[in-house]
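Structure, as structure tokens:
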Amino acid sequence: MREEEHRLLSAGTVENVSLIFKAFSDPTRIRILYLLSQEECSVNHVSEVLDMSQSAVSHQLSYLRNIRLVKYKREGNAMLYSCDDSHVISLLKQAIDHSEHP
34 MREEEHRLLS
44 AGTVENVSLI
54 FKAFSDPTRI
64 RILYLLSQEE
74 CSVNHVSEVL
84 DMSQSAVSHQ
94 LSYLRNIRLV
104 KYKREGNAML
114 YSCDDSHVIS
124 LLKQAIDHSE
134 HP
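In the numbering used here, the protein residues as written are 34 to 135.
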């Protein structure tokens with residue numbers, strides 16, 4: 034195959050993939066994404082389940098929201114967070130399965 038026939042990734046695609054793997058590189062973000070893959074959660078609930086400060090949870094959720102891995106909706110005074118990308122959760126679950134495989 035000639036060099037010009039190779040399909041190259043766009044700079045935007047490479048950047049987006051890099052951001053996803055950066056999100057996966059942080060244990061706290063993995064824990065948050067895994068929790069959100071199971072249920073919608075408020076910051077308070079995430080904080081309680083993961084035994085973290087609300088400030089730390091809010092910081093991580095903000096990062097994940099900025100790269101469009103989580104979304105939120107307002108319900109009364111609370112913001113409920115959920116996963117925004119099923120493909121990314123599939124990658125996360127595959128990585129978990131791989132790490133737990135003997």
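Cβ atoms here follow ideal geometry from the backbone N, Cα and C, with glycine treated the same way.
Boundaries of the alpha helix (DSSP H) harbouring serine 51: 44-57, taken from the DSSP string.
In the DSSP assignment, arginine 62 falls within the unbroken alpha helix (DSSP H) covering 60-71. Below 8 Å, too few C-beta pairs join the segment 75-87 and the segment 97-104 to call them touching: fewer than three. According to the DSSP assignment, arginine 107 belongs to the beta strand (DSSP E) that extends over 103-108. A distance of 8 Å or more separates the beta carbons of leucine 94 and valine 121. Around the beta carbon of leucine 66, a 10 Å sphere encloses 16 or more other beta carbons of the protein chains shown; the residue is thus reported as buried.
The beta carbon of serine 75 sits closer than 7 Å to those of Ala111, Met112, Leu113, all from its chain and outside the five residues before and after it, given in chain order.
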